[in-house]
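Notes for the one structure printed next.
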Ligand SMILES: [Zn+2]
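Residue numbers (my numbering): 1347 to 1766.
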């Protein structure tokens, strides 16, 4: 690196004209691909490409070496800013580009327009929160799907969100001019800016939304607020330093509203209702689900009661005890537990060893209070044999196993042990 290059700073054409998409320039430096990065970096004497900074993400586009065939445009995939003020354009792959050669650059206009809509939308929205509620914006994030600002706010109500959205969109409809001004630090101090950057620069770039907002910013902006299109506020959430407000502006607002409508229409179709009635329909369905679940639980309890009576009737007492040993196919652990509870409650001499094979294969052991065995210890033995996990108290124990194929054999052995 020579001495002259060390003091070089890229001339940023977008500072004065955000609508300049095509430009000519000269290659000042070529950064060859290094390590795992299969991309070449280009520093130009001047550029219309915006590098990621100040919350706004970079432009993409194309760079074509002068004299090259029209189809040899190189794709610019990322644009970054170095600490010393150079703008580096990254191009996929390795290229035989040389210093001092001329190029033609073109910025992807759709992506640039979207970024202008989001960023100018953010200025209008941040100013609206200050004007209405004295809530300053402490940070701005631009994502692929939505943008967000963090407000320095102890609380934020739905009414405040709606009011800020309304004012922001009024400013859009008024189509106020958005001008770029350059002033000294000294001049800036007397202008009452919404935000002054912490870095000491001789000259500040100001974005002036006529009679509404004046703030220091290096981003690309619309020339009239009407070009923002619309500002739609979305989710709000409490964050560490205040409240985060998600929003989308311009064509993103339309695309987001379209997506919402499609999703809501699909939900409405399932209920054969109007989209505005979807919450009411969902509430109704949830109530139905809840009440049918309750009905099902009641039925299962009745079935368990009947099943318990039937088992007790067909089991003869031996040595003053009724030993009930069964594997119930197509029953789950919840039902088998219910059955064990009913059995031990209906007959004070019952000892129950049950298996359930629906869902996770499970065993449930129970005895009526006062019976002499230890169901918890018995379950531990069974689980050790079956490779499962479980345990419980003296009167009631439960365990789950990977498989149910040995249930009959294990239950028969345990029953024989208890009878001995
Ligand atoms: Zn800005």
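The beta-carbon is built from N, C-alpha and C at its ideal position, and this holds for glycine as well.
Just so you know, these numbers come straight off a predicted model, no measurement behind them.
Residue span of the beta strand (DSSP E) that contains residue 1711, given as start and end: 1708–1713
Closest residue to residue 1754 among 1700, 1549 and 1386 (Cα-Cα distance): 1700
Counterpart residues of residue 1313 in DSSP-defined beta bridges: One cannot answer for residue 1313 here, as it falls past the ends of the chain, which runs 1347 to 1766.
Ligand 1 heavy atom lying under 8 Å from the CB of residue 1561: yes
Distance CB(residue 1492)-CB(residue 1418) smaller than 9 Å: no
Ligand 1 heavy atom lying under 8 Å from the CB of residue 1461: no
7 Å Cβ shell around residue 1295 - same chain, five flanking residues per side excluded: An answer regarding residue 1295 cannot be provided, because it is not within the stretch 1347 to 1766 covered by the chain.
Identity of the residues DSSP links to residue 1577 by a beta bridge: 1595
Separation of residue 1439 from residue 1421, as counted between CA atoms: 10 Å
Beta-carbon spacing of residue 1595, residue 1463 below 9 Å: yes
Closest Cα partner of residue 1589 within the set 1692, 1504, 1414 and 1403: 1504
Residues sharing a beta bridge with residue 1737, DSSP: 1744
Those residues which DSSP pairs with residue 1755 across a bridge: Answer is none; residue 1755 lacks a bridge partner.
Segments assigned alpha helix (DSSP H), at least 4 residues, entirely inside the stretch 1478–1561: 1504–1519 and 1531–1535
Beta-carbon proximity of residue 1677 to residue 1685, cut-off 9 Å: yes
Residue 1511, buried or exposed, once every other Cβ within 10 Å from all chains shown has been counted against 16: buried
Local conformation of residue 1640 per DSSP, three classes: helix
Span of the beta strand (DSSP E), counted from its first residue to its last, around residue 1668: 1668–1674
CA nearest to the CA of residue 1679, picked from 1670, 1664, 1745 and 1639: 1745
As assigned by DSSP and simplified to three states, the class of residue 1587: coil
Unbroken beta strand (DSSP E) run spanning residue 1407, endpoints: 1407–1411
According to DSSP, residues forming a beta bridge with residue 1438: 1385
Pair within 9 Å by beta-carbon distance, residue 1559 and residue 1472: yes
Residues near residue 1350 by beta carbon distance below 6 Å, same chain, minus five either side: For residue 1350, the pLDDT reaches just 40, beneath the cut-off of 50, and the residue's location in the model is therefore unreliable, leaving the point undetermined.
Pair within 9 Å by beta-carbon distance, residue 1575 and residue 1468: no
Any non-hydrogen atom of ligand 1 within 8 Å of residue 1409 CB: no
Sequence-distant residues of the same chain with beta carbon closer than 8 Å to residue 1557, five excluded per side: 1522
Distance cut-off 8 Å: residue 1553 Cβ against heavy atoms of ligand 1: yes
Contact check, residue 1368 vs residue 1412, beta carbons under 9 Å: no
N- and C-terminal bounds of the alpha helix (DSSP H) containing residue 1680: 1679–1692
Whole-angstrom C-beta distance between residue 1496 and residue 1480, which should lie under 8 Å: In fact, because the Cβ distance is near 16 Å, the residues do not count as touching under 8 Å.
Exposure label - residue 1515; buried when at least 16 CB within 10 Å: buried
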